[in-house]
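Right, one structure below, let's go through it.
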Amino acid sequence: MKYPSVFDDIRPFDEEEVVKAMEDIATDKAFPVLARFVFPDKTTDEVRAIFGTLKSIDDFQTQVMYTANKQIMYRSITNMSVGGMEKLDVEKRYLFVSNHRDIMLDASLLQNSLKDYGHKTAQITFGANLMRGDIVVNIGKSNKMFRVERGGNMKAFYESSKHLSDYIRYVITERNESVWIAQRNGRTKNGDDRTDQGIVKMFCMSKRDDKVQALAELNIVPVSVSYEWEPCDILKAMELYVSSIKTYEKTQNEDLHSILTGILQTKGRVHFEICDPIKIEELESLSDLNSGEYHKRVAKLLDSRIHSAYRLYPNNYIAYDKRFGVSKYKDRYTEVEKELFEQRMNVLDTYPEFDKEQLEEILLDIYSNPVINKEG
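Under our numbering, read the sequence shown as residues -10 to 365, first letter to last.
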């Protein structure tokens, strides 16, 4: 099924575009590095030969991306678990709205789980700021990733939001594919997962005449992802520290650095929980509200699901007790686990140009806020 031309600026590749993309990826100067990571037991030429056999998006996702995610799990994740998959019907398509902790992995690791449980993979949002470089674009668009514009003036933002809303509805209701999107623009930096009500408003823009059906037709399913060791935790703490002093400006390759750090950094245990889908009865109970309040209440509904499903680890409880100077959760962790967490905090000593006490508070917030959200 070909995409309508109106979506050419944001859509992934059509099937007939994949072969050319595979050729371009295999001849890119960065290919040998990627080949060694994904297929460490094969030579670059052997991996190029594999790419020469890939003729479809499913070929690429099954033979390359699935394997790449397995390598990430093997190298940096102690245990990967998934709950709630029984809530999904393999014949239905969904809009997965997820908390967002890692630029790439929140969506990419979920794709493997969908495949493992017999579901089709989802299309994934991909920030325009990340779509740089031919190899990145070719991999992304071959991996069902579609472009999301950020920023711009009010008129441009409105138009891009409406365009995105139309696209998401088209993918789910006409192409019969699921979609993954983060609950907010950009990652949660401080550990406090909150759905931006503007995201809910955007979902409704493509069906303005009926706000209940606008969301019901999308089959919204909240997803809660929890990392034992927060991806890019030190980088996030430093960004928040600088942002508290002055306007934060990203460096040229900062997003790429965050992607690589998130992939390579030890993450310990990782858990994905598929939450209860949003039911039409829940949406109908809010139908008398004005649009602004409706979007706000739906966002809070998503938050309540994501917070309650978040899996807390010893690091979260340790951080809470240290942050507030209490021993409320001392039975949830061991002294060894506490020492390991404190060793992680000691990494902050390598940044003497920052106020260590403030940096420590920020880092502790990253890990303790999920406790507050779940149990507070």
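We treat Cβ as the ideally placed atom computed from N, Cα and C, and that holds for glycine.
**Request:** Identify which residue in E75, L94, S154 has its Cα closest to the Cα of S84.
**Result:** Locating residue 84 in the sequence shown gives position 95, where the first residue counts as 1. Here residue 84 is Leu; the residue named in the question, Ser, does not match the sequence. Nearest of E75, L94, S154 to L84, Cα basis: S154.
**Prompt:** For R197, which of A226, V212, R158, I355 has the nearest alpha-carbon?
**Reply:** The residue labelled residue 197 in the question sits at position 208 within the sequence shown. That would be R158, whose Cα lies nearest to the Cα of R197.
**Prompt:** Sorted by chain position, which residues of the same chain lie with C-beta nearer than 8 Å to Y156's C-beta, five sequence neighbours on each side aside?
**Reply:** Along the sequence shown, one-based indexing puts residue 156 at 167. Once the five neighbours on either side are set aside, the close Cβ partners of Y156 are F(-4), I(-1), R0, F135.
**Message:** One question on the structure: do I92 and R258 come within less than 9 Å of each other, judged by their Cβ atoms?
**Reply:** Locating residue 92 in the sequence shown gives position 103, where the first residue counts as 1. Locating residue 258 in the sequence shown gives position 269, where the first residue counts as 1. Not a contact, by the Cβ cut-off of 9 Å.
**Request:** Check whether the Cβ atoms of V336 and I248 lie closer than 9 Å to each other.
**Result:** Looking up residue 336 in the sequence shown gives position 347. Looking up residue 248 in the sequence shown gives position 259. Not closer than 9 Å, so no.
**Item:** Residue closest to K239, alpha-carbon to alpha-carbon, out of N118, I61, T32, K9
**Value:** As a position in the sequence shown, residue 239 is number 250, starting the count at 1. Each of N118, I61, T32, K9 was checked against the Cα of K239, and the nearest Cα belongs to N118.
**Item:** Simplified DSSP assignment, three categories, for H260
**Value:** Stepping through the sequence shown from its first residue, residue 260 is reached at position 271. Strand, per DSSP.
**Request:** Starting from A171, follow the beta strand (DSSP E) in both directions and report where the run begins and ends.
**Result:** For the purposes of this step, residue 171 is identified with residue 182 of the sequence shown, where counting begins at 1. Run containing A171: 168 to 171, per the beta strand (DSSP E) assignment.
**Message:** For the stretch 319 to 339 against the stretch 283 to 296, do three or more pairs of beta-carbon atoms, one drawn from each stretch, fall closer than 8 Å, so that the two count as touching?
**Reply:** No: fewer than three Cβ pairs fall under 8 Å.
**Message:** For a quick check, are the C-beta atoms of A171 and H89 less than 9 Å apart?
**Reply:** The residue you call residue 171 lines up with position 182 of the sequence shown. The residue you call residue 89 lines up with position 100 of the sequence shown. In contact: A171 and H89 (Cβ atoms closer than 9 Å).
**Request:** Return the CA-CA distance between L23 and H246, expressed in angstroms with no decimal places.
**Result:** Position 34 of the sequence shown, counted from the start, is the residue given in the question as residue 23. Position 257 of the sequence shown, counted from the start, is the residue given in the question as residue 246. Taking the straight line from one Cα to the other gives about 15 Å.
**Prompt:** In three-state DSSP terms, what is Q368?
**Reply:** The chain is shown only over -10 to 365; residue 368 falls outside these bounds and no answer can be derived.
**Prompt:** Expressed to the nearest angstrom, what Euclidean distance is found between the alpha-carbon atoms of Y318 and D30?
**Reply:** Start at 1 with the first residue of the sequence shown, and residue 318 comes out as number 329. Start at 1 with the first residue of the sequence shown, and residue 30 comes out as number 41. In this model, Y318 and D30 are separated by some 45 Å (Cα to Cα).
**Asked** Helix or strand or just coil, what does DSSP make of L84?
**Response** In the sequence shown, counting from the first residue as 1, residue 84 sits at position 95. DSSP places L84 in strand when its eight states are reduced to three.
**In DSSP terms, what P220 is bridged to** = Position 231 of the sequence shown, counted from the start, is the residue given in the question as residue 220. DSSP, once it has assigned bridges, lists no residue as partnering P220.
**Request:** Sort I128, V189, Q202, R176 by Cα distance to A226 and report the nearest one.
**Result:** Counting from 1 along the sequence shown, the entry for residue 226 is found at position 237. With respect to the C-alpha of A226, the residue from I128, V189, Q202, R176 having the closest C-alpha is R176.
**Prompt:** What span of residues does the alpha helix (DSSP H) with T67 cover, start to end?
**Reply:** For the purposes of this step, residue 67 is identified with residue 78 of the sequence shown, where counting begins at 1. T67 -> not in any alpha helix (DSSP H); beta strand (DSSP E) instead, spanning 66 to 72.
**Message:** DSSP has Q112 in a bridge; who is on the other side?
**Reply:** Sequence index remark: in the sequence shown, residue 112 carries index 123 (1-based). BP columns for Q112 point to V168.
**Request:** Tell me, to the nearest whole angstrom, how far the beta carbon of A19 is from that of F40; I am working on the premise that it is less than 8 Å.
**Result:** Reading the sequence shown from its first residue, position 30 is the one you call residue 19. Reading the sequence shown from its first residue, position 51 is the one you call residue 40. Their Cβ separation, rounded to whole angstroms, is 13 Å, which puts A19 and F40 out of contact at 8 Å.
**Prompt:** Which of the three DSSP states, helix, strand or coil, is assigned to M191?
**Reply:** Counting from one through the sequence shown, the residue named residue 191 turns up at place 202. Helix.
**Item:** A111 to N68 span [Cα, whole Å]
**Value:** Taking the sequence shown and counting its residues from 1, one reaches residue 111 at position 122. Taking the sequence shown and counting its residues from 1, one reaches residue 68 at position 79. As the crow flies, the alpha-carbon of A111 is around 23 Å from that of N68.
**Item:** S215 classed as buried or exposed, judged by whether at least 16 other C-beta atoms fall within 10 angstroms
**Value:** Within the sequence shown, residue 215 is the residue found at index 226, counting from 1. S215 comes out buried.
**Asked** Among residues of its own chain, excluding the 5 on either side of R37, which ones have a beta-carbon nearer than 7 Å to its beta-carbon?
**Response** Stepping through the sequence shown from its first residue, residue 37 is reached at position 48. Answer for R37: A15, listed in chain order.
**Prompt:** Between E4 and D78, what straight-line distance do the alpha-carbon atoms span, to the nearest angstrom?
**Reply:** Numbered from its first residue, the sequence shown carries residue 4 at position 15. Numbered from its first residue, the sequence shown carries residue 78 at position 89. Computed Cα separation, rounded: 25 Å.
**Prompt:** When you compare only the Cα positions, how much space is there between D181 and T114?
**Reply:** Taking the first residue of the sequence shown as position 1, residue 181 is located at position 192. Taking the first residue of the sequence shown as position 1, residue 114 is located at position 125. Rounded to the nearest angstrom, the two C-alpha atoms are 21 Å apart.
**Item:** Contacting residues, own chain, Cβ-Cβ under 7 Å from S70 (five flanking each side not counted)
**Value:** Walking along the sequence shown from the start, residue 70 turns up at place 81. Answer for S70: H260, listed in chain order.
**Message:** I'd like to confirm the pairing. Which residues does DSSP put opposite F135 in its beta bridges?
**Reply:** Walking along the sequence shown from the start, residue 135 turns up at place 146. Bridge partners of F135: T114.
**Request:** Work out the CA separation of S274 and T42 for me, nearest whole Å.
**Result:** If you number the sequence shown from 1, residue 42 lands on position 53. If you number the sequence shown from 1, residue 274 lands on position 285. For T42 and S274, the distance between alpha carbons rounds to 52 Å.
**Request:** With G122 as the anchor, note down where its alpha helix (DSSP H) starts and where it stops.
**Result:** For this step, residue 122 is matched to residue 133 along the sequence shown. Per DSSP, G122 lies in no alpha helix (DSSP H) segment and is marked neither H nor E.
**Message:** For D79, list the residues DSSP reports as bridge partners.
**Reply:** For the purposes of this step, residue 79 is taken as residue 90 along the sequence shown, with counting starting at 1. For clarity, residue 79 is Val in the given sequence; the question names Asp instead. Bridge partners of V79 according to DSSP: none are assigned.
**Prompt:** Looking only at its own chain, which residues have a Cβ that is under 6 Å from the Cβ of E262, when we skip the five neighbours before and after it?
**Reply:** Looking up residue 262 in the sequence shown gives position 273. The residues are G72, G73, S213, A298.
**Prompt:** Across which residues does DSSP place P211 in a beta bridge pair?
**Reply:** Against the sequence shown, residue 211 aligns to sequence position 222. P211 is bridged to V86.
**Message:** Here's the rule: buried if 16 or more other CB atoms are within 10 angstroms of the residue's CB, otherwise exposed. What is Q50?
**Reply:** Taking the sequence shown and counting its residues from 1, one reaches residue 50 at position 61. Burial is judged here by how many other beta carbons sit within 10 angstroms of a residue's own beta carbon; Q50 has at least 16 and is buried.
**Request:** Please report the Cβ distance between F343 and Y230, rounded to the nearest whole angstrom; I am assuming they are in contact, meaning their Cβ atoms lie under 8 Å.
**Result:** Taking the sequence shown and counting its residues from 1, one reaches residue 343 at position 354. Taking the sequence shown and counting its residues from 1, one reaches residue 230 at position 241. Between Y230 and F343 the Cβ distance is about 6 Å, and since that is below 8 Å, they are a contact.
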